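Peer 1: In this text, residue positions in the sequence shown follow this note's numbering: the first is 18, and each later residue adds one. Input: one structure, supplied below.
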Amino acid sequence: MARILVTGAAGFIGSHLSLKLLDRGDTVIGLDNLNNYYDPQLKRDRLARLTGRQGFTYVEASLEDRPAIETVFADHKLDKVVNLAAQAGVRYSLTNPHAYIDSNLVGFLHILEGCRHNGIRHLVYASSSSVYGANTAMPFSIHDNVDHPLSLYAATKKANELMAHTYSHLYRLPTTGLRFFTVYGPWGRPDMAAFIFTKKILEGEPIDVFNEGNMMRDFTYVDDIVEGVVRVTDNVAAENPDWSGDSPDPATSKAPYRVYNIGNNAPVKLMHMIETLENCIGKKAEKRMLPMQAGDVPATFADVDDLAKDVGFRPATSIEDGLSRFVTWYRGYYGV
């Protein structure tokens, strides 16, 4: 079993991933800074599910703290790294751009340097469906060009993919980027739609429905995301011998570099998602219909054929099952 650094281990996906890796016998060094982007108590409670588990070590540090990251790599003799720590959120990037440069660019460079100098066998890192930006061809394919991001958050995730490719090319570091599509589920982030809507419906407050509800999202249940991450982490990125600079494939390379979508491959209309949530909660939402917000896209839809072909996995949890599990967790956690 491997020694794996999971950054963002107190985060939504990171805490679920750490548990799954521990359950199968891996050693996990979990790094997080417990910042206040949202309620740090939720992060501490996620972390409490990990602390005390055999094979788990927690390190409190920020990606942008170069000496701290260098120390983590030097002290723990790591095999692989899963970098999930990042400043998240499209809308937050409109008002707090510097946070994205510090964490998502400077911090990611520190991870790449740590991997380069410490013989890491595979770096897996979180990208995002937001990199598709102005693309409108559906479903979104990893083989399509993604040079038109619509938010700084998306631009930093695209930059991560470019930075990773450079290190794969120069230093033969195997890297795999994972474009996550609208993740939801128990222990989720309070800035995501399922969480926001559930909280407001239960409290009798109106929910904001952007673009007059004319939105579609490839909602992906967290357990499906984690299964995909684990399988990809085990499947070390390799060179594509057929890659050609005359007709370059954005998803592969002559370097050991890969990019995959992880999405449900079944986009859901926003109004259907809200109706499903209302059924799970047993209460109707008061809706405040609003125009499209800057940085948003009207639809996301993941082509996951390459993920299925290479690692034998295709997310499949329905929105009905996933939201039911989320609402059950929310009621239990908040005592509603």
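We treat Cβ as the ideally placed atom computed from N, Cα and C, and that holds for glycine. Note that the structure is predicted; figures quoted are calculated from it, not measured.
#1: On the three-state DSSP scale, how would you describe Leu307?
#2: Which residue from Tyr188, Gly194, His160 and Glu256 puts its Cα closest to that of Lys175?
#3: Measure from the alpha carbon of Asp161 to the alpha carbon of each residue in Gly339, Tyr351, Ser264 and Asn231, then state which is nearest.
#4: Quick test of your reading: Thr24 and Leu59, contact by CB under 8 Å. State the CB separation rounded to the nearest angstrom.
#5: Given that a residue counts as buried once 16 or more other Cβ atoms are within 10 Å of its Cβ, and exposed if not, what is Ser158?
#6: Taking the DSSP output, what are the residues bridged to Phe73?
#7: Quick one: Cα of Tyr149 to Cα of Leu111, how far?
#8: Excluding five sequence neighbours on each side, which residues of the same chain lie with their C-beta closer than 8 Å to the C-beta of Leu39?
#9: Following the continuous alpha helix (DSSP H) through Ser35, name the residue where it begins and the one where it ends.
#10: What residues in its chain sit with their C-beta under 7 Å from that of Phe330, if we drop five residues either side in the sequence?
#11: Smallest Cα separation from Asp251: which of Gly205, Asn135, Ser270 and Val328?
#12: Can you give the beta carbon distance from Ile213 to Ile298, rounded, assuming they're within the 8 Å contact cut?
#13: According to DSSP, is Leu271 part of a helix, a strand, or is it coil?
#14: In whole angstroms, what separates the C-alpha of Tyr351 from that of Pro203?
#15: State the DSSP-derived secondary structure class of Asp251, mapped to helix, strand or coil.
#16: Going by C-alpha to C-alpha distance, which of Val253, Gly339 and Thr345 sits closest to Asp240?
#17: Below 7 Å CB to CB, which residues in the same chain sit around Arg133 once its five sequence neighbours on both sides are set aside?
#18: Please classify Asp225: does DSSP put it in a helix, a strand, or coil?
#19: Jot down the residue ranges of each uninterrupted alpha helix (DSSP H) in the region 126-195, minimum 4 residues, whole runs only, in chain order.
#20: Kindly indicate which three-state DSSP category Phe197 falls into: helix, strand or coil?
#21: Name the two residues that bound the continuous beta strand (DSSP E) containing Asn282.
#22: Helix, strand or coil for Thr237? Go by DSSP, reduced to three states.
#23: Which residues bound the beta strand (DSSP E) around Asn100?
#24: Kindly list the residues whose CB is nearer than 6 Å to the CB of Val123, restricted to its own chain and excluding five residues on each side of it in sequence; keep chain order.
#25: Contact defined as beta carbons within less than 8 Å: I believe Asn282 pairs with Asp235. What is the distance between those atoms, to the nearest angstrom?
#26: How many angstroms separate the CA atom of Arg61 from the CA atom of Glu292?
#27: Name the one or two DSSP bridge partners that Thr24 has.
#28: Take Glu337 and list the residues in its own chain whose beta-carbon comes closer than 7 Å to its own, dropping the five residues that flank it on each side.
#29: Straight-line CA distance for Val285 to Phe125?
#30: Is the separation between the beta-carbon of Val89 and that of Leu179 shorter than 8 Å?
#31: Closest by CA to Met233, which one among Tyr55, Ala85, Ala210 and Arg206?
#32: Could you tell me the alpha carbon to alpha carbon distance between Ile242 and Arg305, rounded to whole angstroms?
#33: For Tyr238 versus Tyr170, is the C-beta spacing smaller than 8 Å?
#34: Quick one: residues in its chain with C-beta nearer than 8 Å to the C-beta of Ser147, no 5 flanking neighbours on either side, listed in chain order?
#35: Enumerate in chain order the residues of its own chain whose CB-to-CB distance from Thr215 is below 8 Å, with the five nearest sequence positions on each side excluded.
#36: May I ask which residues mark the beginning and end of the alpha helix (DSSP H) holding Asp92?
Peer 2: The short version:
#1: Residue numbering aside, residue 307 sits at position 290 when the sequence shown is read from its first letter. Judged by DSSP in its simplified three-state form, Leu307 adopts coil rather than helix or strand.
#2: For this step, residue 175 is matched to residue 158 along the sequence shown. Distance check between Lys175 and each of Tyr188, Gly194, His160 and Glu256 places Gly194 closest, using alpha-carbon atoms only.
#3: By 1-based counting over the sequence shown, the position of residue 161 is 144. Of the candidates Gly339, Tyr351, Ser264 and Asn231, the one whose C-alpha sits nearest the C-alpha of Asp161 is Ser264.
#4: Taking the sequence shown and counting its residues from 1, the one referred to as residue 24 is at position 7. Taking the sequence shown and counting its residues from 1, the one referred to as residue 59 is at position 42. Not really, about 18 Å apart at Cβ, beyond 8 Å.
#5: As a position in the sequence shown, residue 158 is number 141, starting the count at 1. With 16 or more Cβ atoms within 10 Å of its Cβ, Ser158 is classed as buried.
#6: Here residue 73 corresponds to residue number 56 of the sequence shown, with the count starting at 1. Its beta-bridge partners are Val45.
#7: Here residue 149 refers to the residue found at position 132 of the sequence shown. Here residue 111 refers to the residue found at position 94 of the sequence shown. For Tyr149 and Leu111, the distance between alpha carbons rounds to 18 Å.
#8: Working through the sequence shown from its first residue, we reach residue 39 at position 22. Excluding sequence neighbours, Leu39 sits near Val45, Leu67, Arg70, Gln71, Gly72 and Phe73.
#9: Position 18 of the sequence shown, counting from 1, holds the residue named residue 35. Unbroken alpha helix (DSSP H) run through Ser35: Phe29 to Asp40.
#10: In the sequence shown, the residue the question calls residue 330 occupies position 313. Close CB contacts of Phe330 within its chain, under the 7 Å cut and outside five residues either way in sequence, are with Glu244, Gly245, Arg248 and Leu324 (chain order).
#11: As a position in the sequence shown, residue 251 is number 234, starting the count at 1. Checked all of Gly205, Asn135, Ser270 and Val328; the closest Cα to Asp251 is Val328.
#12: Position 196 of the sequence shown, counted from the start, is the residue given in the question as residue 213. Position 281 of the sequence shown, counted from the start, is the residue given in the question as residue 298. Not confirmed; about 13 Å, so no contact.
#13: In the sequence shown, the residue the question calls residue 271 occupies position 254. The identity of residue 271 in the sequence shown is Lys, whereas the question assumes Leu. Three-state result, Lys271: coil.
#14: Within the sequence shown, residue 351 is the residue found at index 334, counting from 1. Within the sequence shown, residue 203 is the residue found at index 186, counting from 1. C-alpha separation (whole angstroms): 12 Å.
#15: Sequence index remark: in the sequence shown, residue 251 carries index 234 (1-based). Looking at Asp251 - three-state DSSP - the assignment turns out to be helix.
#16: Stepping through the sequence shown from its first residue, residue 240 is reached at position 223. Of the listed residues, the one whose Cα sits closest to Asp240 is Gly339.
#17: Working through the sequence shown from its first residue, we reach residue 133 at position 116. Hits under 7 Å: Tyr184, Tyr188 and Leu190.
#18: Your numbering for residue 225 matches position 208 in the sequence shown. Three-state DSSP puts Asp225 in a strand.
#19: 169-188
#20: Along the sequence shown, one-based indexing puts residue 197 at 180. Note: Phe197 maps to strand in three-state DSSP.
#21: Working through the sequence shown from its first residue, we reach residue 282 at position 265. Where Asn282 is concerned, there is no enclosing beta strand (DSSP E), given that its DSSP letter is neither H nor E.
#22: Start at 1 with the first residue of the sequence shown, and residue 237 comes out as number 220. Three-state result, Thr237: strand.
#23: One-based indexing of the sequence shown puts residue 100 at position 83. Looking at the DSSP string, the run of the beta strand (DSSP E) that includes Asn100 is Lys97 to Asn100.
#24: As a first step, residue 123 must be located in the sequence shown, where it is residue number 106. For Val123, where only same-chain residues beyond five positions count, the Cβ hits under 6 Å are Glu81.
#25: Within the sequence shown, the letter at position 265 stands for residue 282. Within the sequence shown, the letter at position 218 stands for residue 235. Going by Cβ atoms, the distance from Asn282 to Asp235 rounds to 7 Å, so yes, they are a contact pair.
#26: Locating residue 61 in the sequence shown gives position 44, where the first residue counts as 1. Locating residue 292 in the sequence shown gives position 275, where the first residue counts as 1. C-alpha separation (whole angstroms): 32 Å.
#27: Position 7 of the sequence shown, counted from the first residue, corresponds to residue 24. The partner list for Thr24 (beta bridge, DSSP) reads Leu48 and Asn100.
#28: Position 320 of the sequence shown holds residue 337. If we look at Glu337 and ignore the five residues flanking it on each side, its Cβ neighbours are Thr293.
#29: The residue labelled residue 285 in the question sits at position 268 within the sequence shown. The residue labelled residue 125 in the question sits at position 108 within the sequence shown. The straight-line gap from Cα to Cα measures roughly 32 Å.
#30: Start at 1 with the first residue of the sequence shown, and residue 89 comes out as number 72. Start at 1 with the first residue of the sequence shown, and residue 179 comes out as number 162. No.
#31: For the purposes of this step, residue 233 is taken as the residue at position 216 of the sequence shown. The option with the nearest alpha carbon to Met233 is Ala210.
#32: The count along the sequence shown starts at 1 and reaches residue 242 at position 225. The count along the sequence shown starts at 1 and reaches residue 305 at position 288. Using only the alpha carbons, I get a separation of about 31 Å.
#33: Locating residue 238 in the sequence shown gives position 221, where the first residue counts as 1. Locating residue 170 in the sequence shown gives position 153, where the first residue counts as 1. The answer is no: Cβ separation not under 8 Å.
#34: For the purposes of this step, residue 147 is taken as the residue at position 130 of the sequence shown. For Ser147, where only same-chain residues beyond five positions count, the Cβ hits under 8 Å are Val107, Pro166, Leu167, Ser168, Tyr170, Ala171, Lys174 and Val314.
#35: Locating residue 215 in the sequence shown gives position 198, counting from the first residue. Within the same chain, Thr215 has close Cβ partners Leu294, Ile298, Phe343, Val344 and Tyr347.
#36: Position 75 of the sequence shown holds residue 92. Unbroken alpha helix (DSSP H) run through Asp92: Arg83 to His93.
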